[in-house]
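What follows is one structure encoded as structure tokens, with my remarks underneath.
Written as structure tokens, this is what we have:
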């Protein structure tokens, strides 16, 4: 075998080896990217098609009418009243890339959260960190009024609504709101008047709207 042929064979083998190494590296990158995209998909939706229905506590002792007629208003104060805020359809923190987890991006939770207007904040920075984006607030639109809440108080945040009254009968609380097209209303009331009570959101006419959500709410988890 002459030297030129031998050199050609060696060069060919070298090139083949280089190509194999290149594609093996590319394949490893593709597998890594596939696993990453699969994880992001799991952050967004259930692993298989299923029906998810939020848990709901219907075990109220008194009817709405009874609470309206026999209950007493709880004293509360306004922390912030905003008439211009518009509830967003989507915020950056809801993207699956933001935290590389399903903390804020899981679609069933997003849908459930956006079905609600009223949220409860009992206190704690870590709970507000979760609750604020749940309501659609961003760093530049987060309410400043929430920071005027005393540790002994519970805050009620009504989105696209005004809180008209908070009525209590035994351990049952009804939050009366007037729906609005935009804005939010944040109030604070004594914690001992609210903690441990069952709460329901109604209209001034007595129509049931929803159960309020809070940082402690279980929600439609994966």
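Residue numbers (our numbering): 1079 to 1300.
Built from N, CA and C at the ideal position, the CB exists for glycine as well.
Just so you know, these numbers come straight off a predicted model, no measurement behind them.
Residue from 1229, 1230 and 1211 whose Cα sits closest to the Cα of residue 1221: Cα-wise, what sits closest to residue 1221 is 1211.
Through-space distance from residue 1110 to residue 1381, alpha-carbon basis: Because the chain in this structure spans residues 1079 to 1300, residue 1381 falls outside the shown range and cannot be described.
Coarse secondary structure for residue 1292, derived from DSSP in three states: strand
Alpha-carbon to alpha-carbon, residue 1171 and residue 1278: 29 Å
Three-pair Cβ contact test at 8 Å for the region 1230-1239 versus the region 1189-1199: yes
Inter-residue CB distance, residue 1166 and residue 1214 (contact presumed, cutoff 8 Å): 5 Å
Nearest-angstrom Cα separation, counted from residue 1285 out to residue 1129: Approximately 27 Å between the Cα atoms of the pair.
Residue nearest to residue 1148 in terms of C-alpha spacing, selected from 1247, 1267 and 1265: 1247
C-alpha distance - residue 1191 paired with residue 1253, whole-angstrom precision: So the alpha carbons of these two residues sit roughly 18 Å apart.
Three-state secondary structure assigned by DSSP to residue 1222: coil
Alpha-carbon to alpha-carbon, residue 1139 and residue 1249: Between the alpha carbons of residue 1249 and residue 1139 lies a distance of about 9 Å.
Alpha-carbon to alpha-carbon, residue 1291 and residue 1283: 22 Å
Assigned exposure category for residue 1119 - 16 Cβ within 10 Å defines buried: exposed
Identity of the residues DSSP links to residue 1139 by a beta bridge: In the DSSP output, where bridge partners are listed per residue, residue 1139 has none listed.
Residue 1251 to residue 1107 span [Cα, whole Å]: 56 Å
Given residue 1154 as reference, the closest of 1264, 1184, 1281 and 1218 once Cα atoms are compared: 1264
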